[in-house]
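As numbered in the UniProt record's numbering, the sequence shown has no gaps in its residue numbers, which increase by one up to the final residue, 193. Okay, so here's the structure we're looking at.
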Amino acid sequence: MTQTIEREFKVSLTEQQFNQLRAAYSWPTPFTQTNYYYELPQNGLYQQHMGLRTRLYQEQAEQTLKVPQTGATRTLLEITDTMPLATAQQLIAQQTIQPNQQIAKYLEAIGIDWSALFIWGQATTNRQVLTLPSGRLTLDQTTYPDQTADYELELEFDDATLAQPFFQGIVSRFKLTQTTPLNKIQRAKNHQS
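Right under this line is the structure:
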């Protein structure tokens, strides 16, 4: 289990911008991850601006609860429980989360009955991550069940004084339109089959 504070800058990309950025940097080999998104009846998580997912990698998995925090930049508390891939696949089939782990305990502590959770959607992302002095630069191509694809660039950082000028330089160099994109959960809601 980990708890981290996620601070990031994000921007949506066109396919052409995605390809330009992919060509501009020496990215490591991409990897694939599939997210399964949870909700409560009456959109209980959404009402509290929280998101919950199970993420499957090739050989392992994790469940992450994102809880908004106050701050000048997009800041989230991420509570993550890791698990073997087979365990995650069972939990997805049962539409539940790991009992007695940190996410379940957190939800219980704030009065949420996690046994009512259900999976409502999914998305698969091909991701490339480049670690730089300014932060972790991530280039994503995400595909949804209705076969729609979208593209995104993200910079996760610890030090905003390094990250902001670097990210603004990318925005300027590639003539990106700097609007805050919908998060993947919101985008997935728009693209289920």
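Ideal placement from N, C-alpha and C gives every residue a C-beta, glycine not left out. What you are looking at is a predicted structure, and each value in this text was computed from that prediction instead of being measured.
Check, Outcome
"What is the residue span of the alpha helix (DSSP H) that Q16 lies within?", "15-24"
"For Q122, which three-state DSSP category applies?", "strand"
"Among residues of its own chain, excluding the 5 on either side of H49, which ones have a beta-carbon nearer than 6 Å to its beta-carbon?", "P68"
"Taking the C-alpha atoms as reference points, what is the distance between R127 and T32?", "6 Å"
"Among L139, T180, S193, which has the Cα closest to the Cα of Q20?", "L139"
"For T177, name the three-state secondary structure that DSSP assigns.", "coil"
"If you count every other CB in all the chains shown that lies within 10 Å of the CB of E152, and 16 or more means buried, which is it?", "buried"
"Which same chain residues, not among the five before or five after Q178, have their C-beta less than 7 Å away from its C-beta?", "V11, V171"
"Just the Cα atoms here: how many angstroms apart are T125 and Y36?", "12 Å"
"Which residue or residues does DSSP assign as beta-bridge partners of A149?", "T143"
"Provide the residue(s) that pair with N35 in DSSP beta bridges, ordered along the chain.", "R55, A123"
"For a quick check, are the C-beta atoms of W27 and L132 less than 8 Å apart?", "no"
"With distances taken Cα to Cα, identify the nearest neighbour of residue 196 among L56, I97, T80.", "The chain is shown only over 1 to 193; residue 196 falls outside these bounds and no answer can be derived."
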